Amino acid sequence: MRVLLTGGAGFIGSHIADALVERGDEVIVVDDLSTGCRENLNPGVRFHCLDVRSPQAARLVEELGPDVICHHAAQVSVSRSVREPVFDAEVNLLAGLNLLEAARRAGARFVFASTGGALYGDAAVLPTPEDYPARPVSPYGVSKLAFEHYLHCYGAQHGVSYVALRYANVYGPRQSPHGEAGVVAIFCQRLLAGERPVIHGDGRQTRDYVHVSDIVRANLAAIDAGLTGHFNVGTGRQVDVNHLFRLIAERIGTEVEAVHGPPRPGDQRTSALDASLIAERLGWRPRVGLEQGLEETAAWFRARVAAAR
Ligand SMILES: NC(=O)c1ccc[n+]([C@@H]2O[C@H](COP(=O)([O-])OP(=O)(O)OC[C@H]3O[C@@H](n4cnc5c(N)ncnc54)[C@H](O)[C@@H]3O)[C@@H](O)[C@H]2O)c1
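Just so it is clear: in the sequence shown, position 247 is 246 by numbering that gives the first Met the number 0, and no numbers are missing.
Structure follows, in C-alpha cells:
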C-alpha cells in the first residue's frame, strides 16, 4: 500500500512511519520540520520537506496517487491557537482542506489525527462517547472539529472514504519536552535534569493517557479498514496530574517534589474518552497500561539524556 503521511517527522507520525515501513508499505512523508526533526525520520521513507498548506503538497498527492493520506501534520499547541487563531486555522483547517481536495482528485482514503479532549471540553459524561455534543472552547478544538465536518461533507458529496481518530493525551518515546503540552515528556526531562517540574493549579485535573504504540495500532486499523467514521482513541481511565507525577518520579528514581504554580486559564478539569465504538467497529483496544508505558518512556528519556552527556 502507498501511504502519504504528513507530520511523519513528529512524535506520533514517526512511530506510524516505523510501523508502516516495518510491514512493507511504501511511505511518503511530508513535513516542514517546524516541530518534527530529521532524526525521527525512518530511513525507509521518501521524505519531502514541504508545508502542507502549499500547492506543492497538493500537487504531490495528485502526482503520487497514494492509496491513503494519513494526516498528522498540525499546529499542536492549544495555547498558541488561542494567541494566533488565524495561524491555527491556516494549518489545522485550510491545509487539511488543501490535502482533502487533492485526496478527492486522487481517489485516496483519508485518515485524520483529531482530538478528543479538546472537542468535548469538561463533559458531563465520563468517559465521553463520540455522540456527546462537541463544543470546543479553544481555536485548536474548533479547527479540528471543523475539519471533521469537512471530512463528513466530502464523504457525502464526493464519496471520499475517511476515518477521524479522536486521540486522548498521547505519550511515549520521542515526544517533545519543549512544548507546553506533553506533560509526561516534560516531567521526565525536568526530573532527569534534577529540576522541580511545575504542576499547574492543584494537580487534581484528570486526563486519559494513551501510549503512542496503541495510537499506531489504531492508525493501522483505520488505514486498512474500508469503513468511514469518527472514533475516540483512549483508555477511559482518568488519572490526575499529581498521581501521574508520582508515577513518573518513582520510575526516574527521584524524591524531588513538584512545585505548584497558578492554574492555566481555560485548563479542563476532567477528560477521559469512551473507546467502545472503535473496539466494536475496528477491534481496537489499548494494550499498554499506564504504569508499563511510563516505565518504558522514562527509560527512553534516561537513555537520551545519557547519550547527550
Ligand atoms: N500528542 C497528543 O497528545 C495529541 C492529542 C490529540 C491529537 N494529536 C494530533 O496528532 C498529530 C500529531 O501530533 P504530535 O503530538 O505528534 O505533534 P508533533 O508536533 O510532534 O508533530 C507534528 C508534525 O507536523 C509537522 N508540521 C507542523 N506544521 C506543518 C506544516 N504546516 N506543514 C508540514 N508539516 C508540519 C511538524 O514538523 C511535526 O513533525 C497532530 O495532528 C495533533 O493535533 C496529538
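Here a beta-carbon is modelled for each residue, glycine too, at the ideal position from N, C-alpha and C. Quick caveat, the model's predicted, so the values are computed rather than measured.
Find the nearest neighbour of residue i within the set the options, judged by alpha-carbon distance.
i	options	result
N41	V136, G12, A133	G12
V81	V136, V124, D201	V136
G228	Q204, V255, H151, E89	H151
R103	S160, S53, V209	S160
A73	F186, R52, R22, G64	R52
V183	V60, E295, T114	E295
Q267	I27, L63, T205	T205
A180	E194, S78, I68	S78
Y145	P54, E89, A298, E83	According to the sequence as given, residue 145 is Ala; it is not Tyr. For the residues P54, E89, A298, E83, the minimum Cα distance to A145 belongs to E89.
W283	L219, C187, E194, G64	L219
P138	V304, L4, S76	S76
E290	S113, R236, V215, V255	R236
N97	D50, E249, H177	D50
A248	G178, L293, A107, A274	L293
R22	L4, M0, H259	M0
A257	V211, R250, H199	H199
H259	R173, R203, R165	R203
R165	G140, S175, R173	G140
A217	R250, G265, S175, I277	I277
Around the C-beta of residue i, are 16 or more other C-beta atoms found within 10 angstroms, so that it is buried, or is it exposed?
i	result
S142	buried
H157	exposed
A155	exposed
D17	buried
F86	exposed
Y38	Note on identity: in this sequence residue 38 is Glu, with Tyr being the wrong assignment. The residue is exposed, with fewer than 16 neighbouring Cβ atoms inside 10 Å.
G115	buried
R263	exposed
L281	buried
D201	exposed
G252	exposed
C48	exposed
A123	exposed
H148	exposed
G70	Position check: residue 70 holds His in this sequence, whereas Gly was assumed. H70 should be labelled buried.
R286	exposed
V28	buried
V304	exposed
R134	exposed
D223	exposed
Residue i to residue j, Cα distance in whole Å?
i	j	result
A306	C36	17 Å
F46	L99	20 Å
V162	E279	15 Å
R301	G9	20 Å
L191	Y208	21 Å
P196	G225	44 Å
L19	I185	28 Å
D66	F109	9 Å
P312	L272	With the chain covering only 0 through 308, there is no way to say anything about residue 312.
G43	T269	40 Å
G7	D24	14 Å
L32	Y131	35 Å
V2	E129	27 Å
D213	G288	10 Å
Y193	W299	A quick correction: the sequence has Gly, not Tyr, at residue 193. Using only the alpha carbons, I get a separation of about 17 Å.
V255	Q188	13 Å
I68	P54	16 Å
R245	A274	26 Å
V26	P261	44 Å
T5	R308	32 Å
F111	V211	16 Å
A101	A107	8 Å
H177	A105	37 Å
T34	H14	15 Å
Just to confirm, does residue i get its C-beta within under 7 Å of one of the non-hydrogen atoms of ligand 3?
i	result
L32	Among the ligands modelled here, namely ligand 1, ligand 3 does not occur.
Could you confirm whether any beta carbon from chain C is found closer than 8 Å to the beta carbon of residue i?
i	result
V232	The structure shown contains no chain C; it holds only a single protein chain.
Mind the definition here: the stretch 163 to 176 touches the stretch 226 to 244 only if three or more C-beta pairs lie below 8 Å; say whether that holds. yes
Would the stretch 89 to 104 count as touching the stretch 236 to 256 if we require 3 or more Cβ pairs under 8 Å? These segments do not touch.
Does the stretch 50 to 69 come close enough to the stretch 117 to 127 that 3 or more CB-CB pairs lie under 8 Å? No, the stretch 117 to 127 does not touch the stretch 50 to 69.
Starting from the N-terminal side, write out each stretch of the alpha helix (DSSP H) that is 4 residues or longer and does not extend beyond the stretch 251 to 306. 275 to 281
Could I get the ranges of all uninterrupted alpha helix (DSSP H) runs contained in the stretch 164 to 236, with 4 residues as the minimum, in chain order? 182 to 191, 211 to 223
Enumerated in chain order, which unbroken segments of the alpha helix (DSSP H) with a length of 4 residues or greater are wholly contained in the stretch 28 to 98? 54 to 63, 77 to 82, 84 to 88
Alpha helix (DSSP H) runs contained entirely in the stretch 111 to 147, provided each spans 4 or more residues: 116 to 119
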